[in-house]
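Trainee: My questions will all concern the structure given below.
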Amino acid sequence: MAFFKKFLQEFKEFALRGNVMDLAIGVIIGAAFQAIINSLVNDVLSPLIGLVAQTDLSYLVLTLNGVDIKYGAFLTAVINFIIMVFVIFLLVKGMNALGSLGKKKEAPAAPTTKKCIYCFSEIDINALRCPHCTSEFILKESIEEDQHEEL
Ligand SMILES: [Zn+2]
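Under the numbering used here, the first residue of the sequence shown is numbered 141, with each subsequent residue one higher.
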């Protein structure tokens, strides 16, 4: 009886492990997702591509000594695989775009430095004198005041 109880305990621990549930959910969602992808490829995209190009090549059969080499079916499988990968790529791209839709684009940080107009060194935005070449900057406002005085 003690053995059975321990067995049950172990089973409970196994079944309730977080990753087991995650895995189960992943498999179930994956199966549902696969149905959507399959339908999109087989019911929508393949017929659309079929309008302009041959996608079903399964009629291509090579017979060697009475043995059928169905290389056409293989090529069809490869083509369907490529279409499916392309669809998944587009879906992932779309999901990523949706995911970043709500996020506001980060406003670029206000500049904290400016370039000295004489020596082109990076200096503090509020500096009135360049620490590198010691050139003095005239404030924009003071220039405007000067112009008013001249008029
Ligand atoms: Zn300078």
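Idealized CB from N, CA, C, for every residue including glycine.
Since we're looking at a predicted model, the values are computed, not measured.
Alpha helix (DSSP H) containing Glu-276: first to last residue?
Mentor: The sequence position of residue 276 within the sequence shown is 136, counting from 1. Element bounds for Glu-276: n/a, residue is neither H nor E.
Trainee: Tell me whether the region 211-229 and the region 192-200 touch, counting them as touching only if at least three CB pairs, one residue from each stretch, are closer than 8 Å.
Mentor: Yes, the region 211-229 is in contact with the region 192-200.
Trainee: How would the residue list near ligand 1 read, in chain order, if you kept each one whose beta-carbon is closer than 7 Å to any heavy atom?
Mentor: With the cut-off at 7 Å, the residues found are Cys-256, Tyr-258, Cys-259, Ser-261, Ile-263, Cys-270, His-272, Cys-273, Ser-275.
Trainee: What are the boundary residues of the beta strand (DSSP E) that Lys-254 is part of?
Mentor: Counting from 1 along the sequence shown, the entry for residue 254 is found at position 114. From DSSP, the beta strand (DSSP E) with Lys-254 extends over 253-255.
Trainee: Thinking C-alpha only, which one of Val-181, Val-167, Lys-145, Val-207 is nearest Ile-228?
Mentor: By 1-based counting over the sequence shown, the position of residue 228 is 88. Of Val-181, Val-167, Lys-145, Val-207, the residue nearest in Cα terms is Val-181.
Trainee: Distance cutoff 9 Å, beta carbons only. Does Phe-151 sit that close to anything in chain B?
Mentor: Chain labels in this structure do not include chain B; a single protein chain is all it has.
Trainee: State whether the region 215-235 contacts the region 168-185, with contact taken as three or more CB pairs (one from each stretch) at a distance under 8 Å.
Mentor: Judged by Cβ distances under 8 Å, the region 215-235 makes contact with the region 168-185, as three or more pairs qualify.
Trainee: When DSSP labels each residue in this structure, what does Ile-292 get in the three-state scheme?
Mentor: Because residue 292 is not part of the residues shown, which for the chain are 141 to 291, the question remains open.
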